[in-house]
Amino acid sequence: MGSCNGLLALVDDKDRIFLWNPSTRKFQVLPFSEIGFSSPSSTYYGFGYDPISDDYKLIRMVQSHGNNDEYFHSEAKFSREFGFLANNALHWMVFKTPQSRNQELVGFDLGSEEFRFLELPECRLDKVLWFDINAVGGDICLTSTYRETDNVVVDVWIMKEYGVKQSWFKLISWKEPHFLPWSTVALPLAVSKDGGKVLFFIEYKWFNRGRRIDSFVWYDLRSQEVENVVIRDIPTSFEVNWYVDSLVPLNSNAQQ
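With UniProt numbering applied, the sequence shown covers 1 to 256.
If you want it as structure tokens, here you go:
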């Protein structure tokens with residue numbers, strides 16, 4: 001569900017939520033707090049560290065239609081009181097109202113525990129084949145993949161000043177990535193230490209008749225060349241999440 005400072009937030013097939021430190025092999029089962037609505041709803045999760053309270057917070061947000069179908073009602077409850085973490089806030093793409101055609105980016109500040117909407121760059125998300133928003137190098141990063149005549153284009157946008165729409169800039173416009181079949185998406189993960197390359201995770205989302213192997217590539221920002229990253233004996237299909245070794249302790253009894 002999320003990774004922060006060496007701790008992983010996991011959920012099992014019985015919907016029990018755990019915090020686990022793979023370095024120490026210690027885990028902690030979190031208490032469950034029910035959020036119930038009678039109407040259809042969507043559930044969002046997030047996990048992060050709040051330096052103000054010096055504590056970790058796991059967020060579960062349920063969004064549901066209101067009784068008159070004119071608004072969404074949202075509330076957040078805390079186990080100790082997923083989304084991605086940037087600028088000390090967890091972020092998700094949500095529909096602001098039932099009538100909304102496109103999703104909007106919302107952030108939940110872990111310190112003030114308040115929501116705010118953030119404006120996206122001027123890109124046509126209603127025309128894309130696939131898009132994703134995550135954090136790259138501490139900044140919010142939007143990736144849109146779309147058709148342009150007979151080509152596939154991958155655009156990568158970065159928000160350099162948090163919450164300021166005018167600070168969005170297009171880092172990459174990767175035209176004709178011919179090594180990408182129609183069934184794949186390219187997800188930026190990190191920027192190299194010298195700032196000259198971007199690491200992409202190439203993931204298969206849909207059926208493809210050819211051989212399907214998820215992989216990694218480096219994209220050179222100056223030359224626009226692509227270099228494959230060879231990792232031996234990796235599975236055909238997998239998901240990627242960040243993890244950094246740490247000795248963060250976990251209590252045997254969770255607080256609610």
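All C-beta atoms, glycine included, are put in the ideal place defined by N, C-alpha and C.
Sequence-distant residues of its chain with Cβ nearer than 6 Å to residue i (five each side left out)
i, result
"leucine 85", "Gly48"
"serine 3", "Asn241, Trp242 and Tyr243"
"leucine 189", "Leu199 and Phe201"
"alanine 135", "Phe84 and Ala86"
"serine 53", "none"
Cα-Cα separation, residue i to residue j
i, j, result
"valine 244", "glycine 6", "5 Å"
"glutamate 70", "leucine 118", "Here glutamate 70 scores only 48 on pLDDT, less than 50, and its place in the model should not be relied on; the value that follows carries that caveat. Each residue's Cα considered, the two are about 22 Å apart."
"valine 156", "threonine 143", "5 Å"
"tyrosine 219", "serine 33", "44 Å"
"valine 226", "phenylalanine 216", "10 Å"
"isoleucine 140", "leucine 247", "27 Å"
"aspartate 132", "isoleucine 231", "24 Å"
"glutamine 99", "histidine 91", "21 Å"
"lysine 127", "threonine 145", "9 Å"
"aspartate 150", "glycine 46", "38 Å"
"serine 173", "proline 121", "14 Å"
"glutamine 166", "proline 51", "28 Å"
"aspartate 233", "tyrosine 162", "39 Å"
"leucine 105", "serine 223", "32 Å"
"tryptophan 130", "lysine 193", "28 Å"
"aspartate 13", "phenylalanine 27", "17 Å"
"alanine 9", "proline 22", "11 Å"
"valine 154", "tryptophan 20", "35 Å"
"valine 164", "methionine 93", "17 Å"
"glutamate 148", "cysteine 123", "13 Å"
"aspartate 55", "valine 152", "43 Å"
"arginine 209", "asparagine 228", "Summary for arginine 209: the model assigns pLDDT 49, below 50, so the residue's position carries little reliability; its value from the coordinates is reported in the next sentence. When rounded, the distance between both Cα atoms is 22 Å."
Proximity below 9 Å, CB of residue i to CB of residue j
i, j, result
"valine 191", "valine 198", "yes"
"threonine 43", "valine 62", "yes"
"leucine 187", "phenylalanine 200", "yes"
"threonine 24", "leucine 171", "no"
"residue 271", "tryptophan 168", "Past the edges of the chain, shown from 1 to 256, lies residue 271, and the structure says nothing about it."
"glutamine 103", "phenylalanine 95", "yes"
Among the options, nearest to residue i - alpha-carbon criterion
i, options, result
"aspartate 109", "Trp130, Gly2 and Lys57", "Lys57"
"aspartate 214", "Val229, Thr236 and Asn228", "Thr236"
"glycine 137", "Val152, Arg147, Ile158 and Cys123", "Ile158"
"phenylalanine 238", "Thr97, Arg101 and Glu203", "Glu203"
Residues near residue i in its chain [Cβ-Cβ closer than 8 Å; skip 5 each side]
i, result
"serine 79", "Caution is warranted here: a pLDDT of 36 is assigned to serine 79, below 50, making its placement in the model unreliable, and no coordinate value can be reported."
"aspartate 15", "Phe32"
Cβ-based neighbour list, residue i, same chain, cut-off 7 Å, excluding 5 preceding and 5 following
i, result
"alanine 89", "Gly107, Phe108, Asp109 and Leu110"
"valine 11", "Met1 and Ile17"
"glycine 196", "Asp220, Leu221 and Arg222"
Chain B contact for residue i (CB, 9 Å cutoff)
i, result
"lysine 175", "Annotation note: the requested chain B is absent from the structure, which comprises a single protein chain."
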